[in-house]
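Q: One structure follows; several queries about it will come next.
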Amino acid sequence: MGSGYGGKTEVKNNNHDPWWKEDFNFFNAHENNPMRLEVYDSDLLFDDLLGTCERSIKIGTWQHQCFLKKGGTLYYSYTLEPLQ
Numbered sequence: 001m002g003s004g005y006g007g008k009t010e011v012k013n014n015n016h017d018p019w020w021k022e023d024f025n026f027f028n029a030h031e032n033n034p035m036r037l038e039v040y041d042s043d044l045l046f047d048d049l050l051g052t053c054e055r056s057i058k059i060g061t062w063q064h065q066c067f068l069k070k071g072g073t074l075y076y077s078y079t080l081e082p083l084q
């Protein structure tokens, strides 16, 4: 987390209602770190930013929804385990 890049999902071509089940692991994540998700429409020349979602992460498993600026909703979940 922090200012790092965490990963990218695969592109879903020709789909107006895409769905993913992909996991990303962040080994230096701490409670209250910001998590920022960006959603893009992949095009041949330029990828259009559809919206961003940002929140401070908390310990536990959480499910959220985020309404994207250019339409659509991002549903996502995350788990942050306490430090051992």
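Be aware that the sequence shown starts at 1, since it is given in the UniProt record's numbering, and climbs by one per residue. Ideal Cβ positions, reconstructed from N, Cα and C, are used throughout, including at glycine.
Just the Cα atoms here: how many angstroms apart are glutamine 84 and threonine 73?
A: As a working note, residue 84 is residue 84 in the sequence shown. As a working note, residue 73 is residue 73 in the sequence shown. If I take the Cα positions, the gap works out to 35 Å.
Q: In angstroms, rounded to a whole number, what distance separates the CA positions of glutamate 10 and arginine 36?
A: Within the sequence shown, residue 10 is the residue found at index 10, counting from 1. Within the sequence shown, residue 36 is the residue found at index 36, counting from 1. Cα-Cα distance, rounded: 18 Å.
Q: Taking contact to mean at least 3 C-beta pairs separated by less than 8 Å, is the segment 65-72 in contact with the segment 49-56?
A: The segment 65-72, when compared against the segment 49-56, does touch it at the 8 Å Cβ threshold.
Q: How far does the beta strand (DSSP E) with valine 39 in it extend, from its first residue to its last?
A: In the sequence shown, counting from the first residue as 1, residue 39 sits at position 39. Residues 34-41.
Q: Would you tell me roughly how many angstroms separate the C-alpha atoms of tryptophan 20 and lysine 8, rounded to the nearest one?
A: Counting from one through the sequence shown, the residue named residue 20 turns up at place 20. Counting from one through the sequence shown, the residue named residue 8 turns up at place 8. Between tryptophan 20 and lysine 8, the C-alpha separation is close to 11 Å.
Q: Which residue wins for smallest C-alpha separation from lysine 12, given the options Tyr40, His64 and Leu45?
A: Position 12 of the sequence shown, counted from the start, is the residue given in the question as residue 12. Checking every option, the nearest Cα to that of lysine 12 belongs to Tyr40.
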